[in-house]
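*Asks:*
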Amino acid sequence: MRACPCGSGAPLAQCCAPLLDGFARATTAEQLMRSRFTAYALAQVDYLMETHAARTRPPREDVAGSADDATFTELQILETTEGRPDDTRGTVTFMAHFTAGGKTSAMLERSRFEKVRGQWFYVDGDLP
Ligand SMILES: [Zn+2]
Numbered sequence: 000m001r002a003c004p005c006g007s008g009a010p011l012a013q014c015c016a017p018l019l020d021g022f023a024r025a026t027t028a029e030q031l032m033r034s035r036f037t038a039y040a041l042a043q044v045d046y047l048m049e050t051h052a053a054r055t056r057p058p059r060e061d062v063a064g065s066a067d068d069a070t071f072t073e074l075q076i077l078e079t080t081e082g083r084p085d086d087t088r089g090t091v092t093f094m095a096h097f098t099a100g101g102k103t104s105a106m107l108e109r110s111r112f113e114k115v116r117g118q119w120f121y122v123d124g125d126l127p
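Everything in the sequence shown is counted per numbering that gives the first Met the number 0, starting at 0 for the first residue and increasing by one.
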């Protein structure tokens, strides 16, 4: 079985796939972060749009461009604050490894998440 791109060690079918397919919702900010990384890795642009807070959501072509231009290879979760099932906001600091244009690169970001009516959304991110 294919390992989940998010690096959890679990098979994709038992990890992020149910979220990407709409059969389950992320219960924590970290779970949403992981599923969004997997969505980037699999170029699931719909999921990236749906899980981005409306007020900060970029144009679809920008999201599709990021997903298409880079091959996302590894996610490292460095730190999380709040973001638990009972919280309504949280942050996840991560390093995302990818290749683009034949070059290996990595992006460090502290992402902010919020939960609205029981659903986690990505809001924005900055350098930790
Ligand atoms: Zn996963």
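Just so you know, even glycine gets a beta-carbon here, dropped at the ideal spot from N, CA and C. In this text the structure is predicted, and so the values were computed from the model without any measurement.
Looking at the unbroken alpha helix (DSSP H) that takes in serine 34, where does it start and where does it end?
*Replies:* As a working note, residue 34 is residue 35 in the sequence shown. Segment 28-40, the alpha helix (DSSP H) holding serine 34.
*Asks:* Apart from the five residues on each side of it in sequence, which residues of its chain come closer than 6 angstroms, Cβ to Cβ, to histidine 51?
*Replies:* Here residue 51 refers to the residue found at position 52 of the sequence shown. Answer for histidine 51: Tyr121, listed in chain order.
*Asks:* Which value, in whole angstroms, describes the spacing of the CA atoms of threonine 103 and glycine 82?
*Replies:* In the sequence shown, counting from the first residue as 1, residue 103 sits at position 104. In the sequence shown, counting from the first residue as 1, residue 82 sits at position 83. Answer to the nearest angstrom: the Cα atoms are 30 angstroms apart.
*Asks:* Is it true that the segment 20-30 meets the segment 57-73, where meeting means three or more beta-carbon pairs spaced less than 8 angstroms apart?
*Replies:* No contact exists between the segment 20-30 and the segment 57-73.
*Asks:* When burial is assigned at 16 or more other CB atoms within 10 Å of the CB, is glutamate 77 buried or exposed?
*Replies:* On the sequence shown, position 78 is the one that residue 77 refers to. It should be pointed out that residue 77 corresponds to leucine in this sequence rather than to glutamate. The residue is exposed, with fewer than 16 neighbouring Cβ atoms inside 10 Å.
*Asks:* Do serine 65 and tyrosine 39 have their C-beta atoms closer together than 8 angstroms?
*Replies:* Indexing the sequence shown from 1 puts residue 65 at position 66. Indexing the sequence shown from 1 puts residue 39 at position 40. Going by C-beta atoms, serine 65 is nearer than 8 angstroms to tyrosine 39.
*Asks:* Leaving aside the five residues before and after tryptophan 119 along the sequence, list all residues of the same chain whose C-beta is less than 7 angstroms from its C-beta, in chain order.
*Replies:* Working through the sequence shown from its first residue, we reach residue 119 at position 120. Same-chain partners within the cutoff: Ala25, Ala28, Leu31 and Phe112.
*Asks:* Considering only heavy atoms of ligand 1, does any lie closer than 7 angstroms to the CB of threonine 37?
*Replies:* The residue labelled residue 37 in the question sits at position 38 within the sequence shown. Within the cutoff, so yes.
*Asks:* Does the distance between the C-beta of serine 7 and the nearest non-hydrogen atom of ligand 1 fall short of 7 angstroms?
*Replies:* For the purposes of this step, residue 7 is identified with residue 8 of the sequence shown, where counting begins at 1. Yes, Cβ of serine 7 sits closer than 7 angstroms to a heavy atom of ligand 1.
*Asks:* Is arginine 33 near ligand 1, with its Cβ less than 7 angstroms from a heavy atom?
*Replies:* Within the sequence shown, residue 33 is the residue found at index 34, counting from 1. Within the cutoff, so yes.
*Asks:* Is the CB-CB distance between alanine 23 and proline 17 below 8 angstroms?
*Replies:* To locate residue 23, count along the sequence shown from 1; it is residue 24. To locate residue 17, count along the sequence shown from 1; it is residue 18. It is a contact, given that the beta carbons lie within the stated cut-off.
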